[in-house]
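Worksheet for the structure shown next.
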Amino acid sequence: MVHSQSSDNVTDWDENLGTLFGPRTSSEQGNLGHNGSSTSPLVVDIGGIVGNNDPKGENIVEPTNLMEQSRLGSSGVKPLARSRPRRQNHSCDPCRIAKRACDLYEHNVTIRNGKPDASCSTCEVRGLDCTASWLASRQSTQQVKKLARMSCAPSEKDRSSTQSSVDEAPLAVEEWFASSGPEQELVRQFTGSAATAHQLNIYIDAIDVPLADQLSGGCMPPQFPLGLAVLPRLHGHSKLSPYIYQAQTWVKHCWNTPTSAWSFPGPAPHLFFPVSVLDSMFEQSTNPEHSPRAAARSAMYNEIYKWVALATASQFSVYGDGNGKQLSQDLASATWHKAKNILFQNISATGSFRQALSLILFGTICPPPTKGDSSALQADADFAHVEGVRRLQSLCAQAAAYLQSGAQVPRWKRRKGMAKPVEQPHPVHSLAPEVKDDLLELVGALEWLLVTLNSVAIVISQGTLCAIPPEQCAGDKSCLHLPRGHSSETAEATSTVALRHEESLNDSIVARAQTQEQPVTTLVHGDTTVETMRHVISKSGSLVIPIYKSLASLTMAIQNMQEDESSYDDIHKHLLTVFALVEVWRTTFGKFDGSTTLRVQSSASNVRSLMFSLVGDGDLAVLLLYKLLCRLDDDIREHKSSPAHDLLAATIRSMWTSFRDHRVESAIQVSNLASTVIKGTKTHKTYMPGIACHPYPALVVQAHTLAAEAFTDEIQVCIMNVDTQRAAEMASGLNLCLQGLDGLKCSLSNVPSVNSHDEQTDSWHLRYST
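Last residue of the sequence shown? That's 770 in UniProt numbering, and every number before it is there in order.
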């Protein structure tokens with residue numbers, strides 16, 4: 001018999017997490033350290049029938065979520081049966097996980113702190129660390145259930161001897177939840193549903209809505225004036241009704257959101273709905289209709305996206321300080337690991353827009369901290385980003401080809417017992433030209449999203465994380481360059497146009513921004529409507545994406561720099577392009593002073609959030625540009641002199657004062673914007689995390705950190721020049737940035753670190769200062 005001893009060092013599975021994730025599995029118990037804290041990824045059992053391949057050769061892992069299974073049953077699809085798992089009730093953790101025979105129970109051992117006093121024979125032979133955390137917790141749970149049953153069902157002797165049972169104290173929360181009555185199960189499901197709905201509302205407010213704003217209206221290139229805002233128009237096309245209905249069904253089942261009166265903007269998930277529409281048209285059309293496997297695959301994609309959304313929302317701390325902060329960190333860690341496992345277990349399925357977007361969003365999440373080396377978790381996040389960007393680019397190119405050139409699609413048909421692909425016209429070929437044009441608008445919005453996130457990842461990683469080279473991100477097959485509504489053009493002509501369109505795409509955005517008569521900061525002081533103000537901010541903010549695209553090209557050119565003339569010329573060209581875009585963006589936005597700060601603070605919340613997101617990202621690009629120039633200047637100092645080298649060095653030296661002024665101006669704007677954002681607000685639906693409310697919270701942290709560095713350097717210059725007045729102004733801005741960082745620390749469950757290992761200890765700008 002195995003005896004177990006309880007210890008105060010063992011931490012029980014938190015009930016708030018238990019309502020979301022259910023009881024902890026044996027593998028999850030094995031991942032706990034001696035103090036009960038999770039130090040390795042949670043293992044999520046979403047398995048079903050392993051090895052079932054769809055006709056495309058993809059491994060399908062069936063979701064075992066009870067709600068999803070019931071939905072499949074209600075739609076007429078028989079749920080897939082699962083084999084009964086092998087029972088190993090007396091095994092140690094390694095043997096239980098590996099499903100090996102274990103003789104631990106034969107040694108009559110005692111378990112202390114999750115470890116037996118003697119190893120089993122298998123672990124001893126293999127040299128493994130023999131642990132029995134699951135076995136100890138199982139016996140403890142059985143004892144609790146036994147006590148609960150005894151308390152709930154007193155004997156007849158007890159009833160006759162005394163009536164004190166009526167006045168007994170209620171069961172402890174742990175004992176009550178441990179019981180398995182129908183009432184407890186209902187409460188457990190309701191609590192889990194409420195917590196999930198709360199997290200999904202945070203995702204919509206902090207992630208979904210800001211990204212939707214940047215993918216619609218004035219933020220999109222002029223060739224795609226609507227972006228995601230084209231979705232209401234798609235509802236009016238009768239031939240799209242089956243696909244729209246299928247997408248609405250997925251949204252309703254995954255998010256518990258009514259979609260009958262869906263509009264843009266509205267409360268629905270604006271990113272999940274368009275990728276669901278595209279999946280219903282392109283991914284589902286390649287599979288047999290009414291296929292149980294196709295239904296299971298769709299349920300799996302919905303489950304993946306839901307858990308990634310929960311993980312992104314868990315970045316924000318909504319439970320306050322103290323114990324609430326620890327709860328937020330535990331929730332963030334649990335959701336991140338579960339999202340990672342469900343993503344990677346289904347990584348072989350490559351044909352879904354929903355999964356590609358899930359991978360991209362997962363790559364933006366800061367991994368939870370670990371006691372050991374956290375590089376493995378960061379590598380998982382980086383892999384998800386790279387894989388998601390590449391898949392979304394491929395899917396957008398395929399969709400554009402179907403909509404433009406009438407490409408054939410392989411549809412799997414049974415012939416003599418074997419599944420073989422048969423080339424058939426895609427269903428979208430029968431759509432009217434105006435319907436195809438609207439669908440291209442939708443595909444273009446998603447491609448603009450991947451261009452944005454790919455460029456941002458290249459810049460903030462200094463070229464180490466490059467999913468797609470910048471010059472290939474919007475390649476010749478991109479719908480951003482394809483002539484819309486002219487599907488008769490040949491592929492050669494389309495490729496030639498695409499080569500010319502890379503620069504014309506930026507030129508069209510710049511030309512549209514320059515048509516603005518007054519800067520944004522000037523219009524803030526006037527009597528401007530909210531919609532007009534948002535449109536003006538979007539037009540000016542649309543320049544931020546070309547800045548990041550050009551900055552990504554400059555970053556990769558510096559990363560791959562060689563000591564030859566062509567390399568220097570390439571860097572020089574990209575440098576001038578970035579500087580010109582920054583100048584235009586600064587002109588269209590205007591100067592951010594104290595009075596502007598007060599006006600922005602009193603403006604509508606959607607205006608303030610849009611300005612905080614777009615303008616803050618532009619200021620971060622300027623701060624990162626200065627950092628990149630310092631790196632470039634250090635590198636070329638060690639190179640041999642040549643005409644192209646000397647021209648590049650002279651350009652940097654002559655423009656250094658302008659770079660420094662832009663750096664300080666961006667630092668001031670970051671500090672002023674930080675002062676306009678309140679710490680956090682609670683509504684009837686959710687909690688708004690305030691300064692951290694950004695689709696990519698790590699960018700906000702990096703912007704405030706680099707702005708604080710800029711103020712620190714300027715204070716040193718002011719002290720050297722005995723300019724006390726300017727030093728006081730810079731100190732005030734530094735204080736605002738530090739307050740912003742403190743607010744980010746309170747608003748985020750895990751604050752990402754800003755890599756600065758390659759920075760020099762000296763003040764960079766002092767080398768060319770006068």
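Virtual Cβ for every residue (Gly too), placed ideally from N, Cα, C.
Exposure label - residue i; buried when at least 16 CB within 10 Å
{"i": "Pro643", "result": "exposed"}
{"i": "Ala445", "result": "buried"}
{"i": "His704", "result": "buried"}
{"i": "Ser749", "result": "buried"}
{"i": "Gln315", "result": "buried"}
{"i": "Ser160", "result": "Here Ser160 scores only 44 on pLDDT, less than 50, and its place in the model is too uncertain to base an answer on."}
{"i": "Asp619", "result": "buried"}
{"i": "Pro274", "result": "buried"}
{"i": "Thr532", "result": "exposed"}
{"i": "Tyr245", "result": "exposed"}
{"i": "Lys371", "result": "exposed"}
{"i": "Ser542", "result": "buried"}
{"i": "Pro63", "result": "Bear in mind that a pLDDT of 42 at Pro63, under 50, signals an unreliable position, so the number given afterwards is only what the model happens to contain. Per the 10 Å Cβ criterion, buried."}
{"i": "Val578", "result": "buried"}
{"i": "Ala514", "result": "The question names Ala, but residue 514 is Gln in the sequence shown. So Gln514 counts as exposed."}
{"i": "Asp129", "result": "exposed"}
{"i": "Ser119", "result": "buried"}
{"i": "Val451", "result": "buried"}
{"i": "Val443", "result": "buried"}
Reduced DSSP secondary structure (H/G/I, E/B, other) of residue i
{"i": "Gly227", "result": "strand"}
{"i": "Thr131", "result": "coil"}
{"i": "Lys549", "result": "helix"}
{"i": "Leu465", "result": "coil"}
{"i": "Phe316", "result": "strand"}
{"i": "Thr110", "result": "strand"}
{"i": "Lys99", "result": "coil"}
{"i": "Ser216", "result": "strand"}
{"i": "Leu748", "result": "strand"}
{"i": "Lys591", "result": "coil"}
{"i": "Pro210", "result": "helix"}
Given residue i as reference, the closest of the options once Cα atoms are compared
{"i": "Arg391", "options": "Leu359, Ser550, Tyr402", "result": "Leu359"}
{"i": "Glu283", "options": "Val230, Gln355, Leu551, Asp129", "result": "Gln355"}
{"i": "Val230", "options": "Gly616, Phe362, Ser566, Val277", "result": "Val277"}
{"i": "Ala511", "options": "Cys102, His574, Leu581, Gln345", "result": "Leu581"}
{"i": "Met730", "options": "Leu741, Val717, Gly740", "result": "Val717"}
{"i": "Ile347", "options": "Cys473, Thr364, Pro368, His385", "result": "His385"}
{"i": "Phe224", "options": "Ala118, His337, Thr196, Cys479", "result": "Cys479"}
{"i": "Val520", "options": "Ile537, Val530, His574, Ser504", "result": "Ile537"}
{"i": "His639", "options": "Ser666, Met561, Gln702", "result": "Met561"}
{"i": "Gln669", "options": "Asn606, Ala710, Leu200", "result": "Ala710"}
{"i": "Ser747", "options": "Gly388, Leu673, Val701", "result": "Val701"}
{"i": "Val125", "options": "Thr110, Ile111, Pro94", "result": "Pro94"}
{"i": "Val615", "options": "Arg586, Asp117, Gly594", "result": "Arg586"}
{"i": "Ser613", "options": "Pro369, Ala552, Lys325, Asp213", "result": "Asp213"}
{"i": "Gly463", "options": "His572, Met556, Leu610, Cys102", "result": "Met556"}
{"i": "Asp380", "options": "Arg637, Pro470, Gly351, Ala339", "result": "Ala339"}
{"i": "Lys252", "options": "Pro697, Asn302, Ser566, Leu465", "result": "Asn302"}
{"i": "Leu554", "options": "Glu563, Ile571, Ile342", "result": "Ile571"}
{"i": "Gly218", "options": "Ala399, Gly127, Lys539, Cys123", "result": "Lys539"}
Cutoff 8 angstroms: residue i Cβ touching any chain C Cβ
{"i": "Arg599", "result": "The chain labelled as chain C is not found in the depicted structure, where only one protein chain is given."}
Short Cβ contact (8 angstroms threshold) for residue i with residue j
{"i": "Leu648", "j": "Tyr568", "result": "yes"}
{"i": "Leu624", "j": "Ile652", "result": "no"}
{"i": "Lys306", "j": "Cys254", "result": "yes"}
{"i": "Pro221", "j": "Ile458", "result": "no"}
{"i": "His107", "j": "Asp208", "result": "no"}
{"i": "Lys247", "j": "Arg297", "result": "The question names Lys, yet the displayed sequence has Ala at residue 247. No, these two residues do not count as a Cβ contact at 8 angstroms."}
{"i": "Val524", "j": "Thr588", "result": "no"}
{"i": "Arg608", "j": "Thr676", "result": "yes"}
{"i": "Ala467", "j": "Val544", "result": "no"}
{"i": "Leu200", "j": "Ser216", "result": "no"}
{"i": "Phe592", "j": "Tyr626", "result": "no"}
{"i": "Ala299", "j": "Thr335", "result": "no"}
{"i": "Cys693", "j": "Ala206", "result": "yes"}
{"i": "Ala707", "j": "Ala667", "result": "yes"}
At which residue ranges does the stretch 594 to 642 contain complete beta strand (DSSP E) runs of 3 or more residues, listed in the order of the chain?
Within the stretch 594 to 642, no complete beta strand (DSSP E) run reaches 3 residues.
What residue ranges within the stretch 353 to 405 form continuous beta strand (DSSP E) runs of no fewer than 3 residues, ordered along the chain?
The qualifying runs do not exist here; there are none.
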